[in-house]
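Worksheet: the structure to be examined is printed underneath.
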Amino acid sequence: MVLLISAIFWTCLSVSAETLEGIVLRVVDGDTLTIQVGNASHRIRLSEIDTPEMDQYWGDEAKAALVAKVNGAVIKVTVVDTDRYGRKVGKVWLDERDINRELVREGHAWVYEDYLFDDSLLEEQAAAIAANVGLWHLPEAVAPRRWRTRKGWCGTLDFSDDVKDWKAFTDARK
Numbered sequence: 001m002v003l004l005i006s007a008i009f010w011t012c013l014s015v016s017a018e019t020l021e022g023i024v025l026r027v028v029d030g031d032t033l034t035i036q037v038g039n040a041s042h043r044i045r046l047s048e049i050d051t052p053e054m055d056q057y058w059g060d061e062a063k064a065a066l067v068a069k070v071n072g073a074v075i076k077v078t079v080v081d082t083d084r085y086g087r088k089v090g091k092v093w094l095d096e097r098d099i100n101r102e103l104v105r106e107g108h109a110w111v112y113e114d115y116l117f118d119d120s121l122l123e124e125q126a127a128a129i130a131a132n133v134g135l136w137h138l139p140e141a142v143a144p145r146r147w148r149t150r151k152g153w154c155g156t157l158d159f160s161d162d163v164k165d166w167k168a169f170t171d172a173r174k
């Protein structure tokens, strides 16, 4: 039922929203890619999700997951906004697959609650956490937003107080 409501919401949104269809030229990280539409390229930021930064644990895995799903494919993007960096922000579709949702379901992304339209993504995230899939297999994962804030504040990173079992965390990174 939740997925039906979500589908109706996004269908209604797409009536008034810009839709881009193009080939994926490059995956920048787990939540950003570049598509070619005609003669123009567009940088796309996946809406409602936030994946680990490339210098953060699970950043490479999140990017690899997105590469495996869409690199070189023709996708549709339901654009909902343009961010401060000029990127189009939107839901990415590959055929009928909601790629944003898949990244949350597989534990590659957090739900970006400040920019959330579809509450059912929170259920997907809760299920991923309960199943310990993807980045959720760690004792405690650090949200990208917190990572960026801390990195900006102190210039160096020390997350030893964020992880319950530091030895397990460092062993998992090997």
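Per full-length UniProt numbering, the very first residue in the sequence shown carries number 1; after that it's consecutive. Glycine included, C-beta positions come from ideal geometry on N, C-alpha and C. Fair warning: this is a prediction, and the values are worked out from it, not measured in the lab.
inquiry  = Please state whether the Cβ-Cβ distance between Ala17 and Thr82 is less than 8 Å.
reply    = no
task = Evaluate the contact criterion for the region 94–110 versus the region 34–44: three or more CB pairs, one atom per stretch, below 8 Å.
result = no
message = If we require 4 or more residues per run, which alpha helix (DSSP H) segments fall completely within the UniProt domain "TNase-like" (18–138)?
response = The DSSP assignment places 59–70, 99–105, 120–131 as complete runs of the alpha helix (DSSP H) inside the UniProt domain "TNase-like" (18–138), in order along the chain (cut-off: 4 residues).
key: Cutoff 6 Å; reference Pro52; Cβ partners in own chain excluding five residues on either side   = Around Pro52, the same chain offers Trp58, Gly59, Ala62, Pro144 as residues with beta carbons nearer than 6 Å, after the five sequence neighbours per side are excluded.
query = By Cβ distance, which residues of its chain are closer than 6 Å to Gly90, with the 5 residues on each side in sequence left out?
reply = Ser47, Val77, Thr78, Val79, Val80
query = Do Gly134 and Ala128 come within 8 Å of each other at the CB atom, strictly closer than that value?
reply = yes
inquiry  = Looking only at its chain, what residues have a beta carbon closer than 6 Å to the beta carbon of Leu33, apart from the 5 residues adjacent to it on each side?
reply    = Val24, Val27, Ile44
query = According to the neighbour-count rule (16 or more other Cβ atoms, all chains shown, within 10 Å of its Cβ), is Leu122 buried or exposed?
reply = The residue in question, Leu122, is exposed, as its Cβ has fewer than 16 Cβ neighbours within 10 Å.
ask   = Which word fits Asp55, buried or exposed, when buried means at least 16 other C-beta atoms lie within 10 angstroms of its C-beta?
value = An exposed status is given to Asp55, since fewer than 16 other beta-carbon atoms sit within 10 Å of its beta-carbon.
query = Taking buried to mean at least 16 other C-beta atoms within 10 Å of its own C-beta, is Asp119 buried or exposed?
reply = exposed
query = Any heavy atom of the ligand ATP within a distance shorter than 7 Å of the CB on Val89?
reply = Ligands in the displayed structure: none, and consequently the ligand ATP is not present.
key: Pick from Glu113, Gly86, Val104 that is closest to Val92, judged by C-alpha positions   = Comparing alpha carbon positions, the residue from Glu113, Gly86, Val104 closest to Val92 is Val104.
inquiry  = Measuring only the C-alpha atoms, how far is Tyr112 from Ile49?
reply    = Pairing Tyr112 with Ile49, the inter-Cα distance amounts to about 5 Å.
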